[in-house]
Amino acid sequence: MAKRRALMTLEQMEEKLGYKVASLYDTHVQHFYSDLTTVPKNVYEKTRDELDECFRTKYQEESGPGSEPKFPKPGITQKIANGPCITILECRSVTCQYSFIADISYDSEFDLPLQLTKNEGLATMSVANVSFTQFLPYNAYIA
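Going by the working numbering, the letters in the sequence shown line up with residues 65 to 207, in that order.
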């Protein structure tokens with residue numbers, strides 16, 4: 065049977081993190097995590113998500129080899145465009161776990177604002193430097 069985790073106060077979680085989560089996020093736009101769950105508006109829940117991600121990241125660093133990737137300065141924005149699809153990636157902070165914002169839009173009809181972890185943001189920035197190839201439609205391969 066799974067063990068229940070003891071409830072922590074907001075102050076206890078912020079002490080473990082070493083920073084206040086409430087001061088890091090702007091809440092005027094609803095964002096989603098990369099798994100498409102909504103980013104909570106409640107400061108307590110945001111802090112709990114930050115702490116969970118912090119523990120998850122620490123566990124991954126301890127269990128696998130790797131070096132600390134080079135991190136961009138806060139405020140750095142990168143635009144990735146491929147036809148009508150545009151992604152604007154912004155580094156908001158070097159402190160928190162969910163430090164990247166990605167705004168994905170397609171033809172001005174679709175808009176998806178995402179909040180990404182450090183690893184997701186850095187991986188997206190590294191892919192942005194790769195050139196995209198134009199693919200032929202499926203029926204073009206049929207002789």
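Here a beta-carbon is modelled for each residue, glycine too, at the ideal position from N, C-alpha and C.
Fair warning: this is a prediction, and the values are worked out from it, not measured in the lab.
Could you tell me the distance, in whole angstroms, from the CA atom of residue i to the CA atom of residue j?
i      : j      : result
Ile150 : Val158 : 24 Å
Lys80  : Ser163 : 18 Å
Leu115 : Ala187 : 21 Å
Gly185 : Met77  : 24 Å
Asn146 : Leu100 : 22 Å
Tyr83  : Thr111 : 10 Å
Ala86  : Val107 : 6 Å
Thr73  : Glu109 : 11 Å
Ser98  : Ile165 : 10 Å
Leu153 : Asn183 : 13 Å
Val191 : Ile144 : 9 Å
Asp113 : Thr121 : 12 Å
Met189 : Thr102 : 23 Å
Ser169 : Glu75  : 37 Å
Glu173 : Leu71  : 42 Å
Let me know the secondary structure DSSP gives residue i once reduced to three states.
i      : result
Ser157 : coil
Gln94  : coil
Leu115 : helix
Tyr83  : coil
Tyr170 : strand
Lys105 : coil
Thr121 : helix
Lys182 : helix
Lys137 : coil
Leu71  : coil
Ala187 : helix
Please state if the CB of residue j and the CB of residue i are separated by a distance shorter than 7 Å.
i      : j      : result
Pro148 : Asp167 : no
Gln161 : Thr141 : no
Pro138 : Cys155 : yes
*Assess, as a yes-or-no matter, whether the segment 163-178 is touched by the segment 91-107 under the definition of 3 or more beta carbon pairs within less than 8 Å.*
Yes: at least three Cβ pairs fall under 8 Å.
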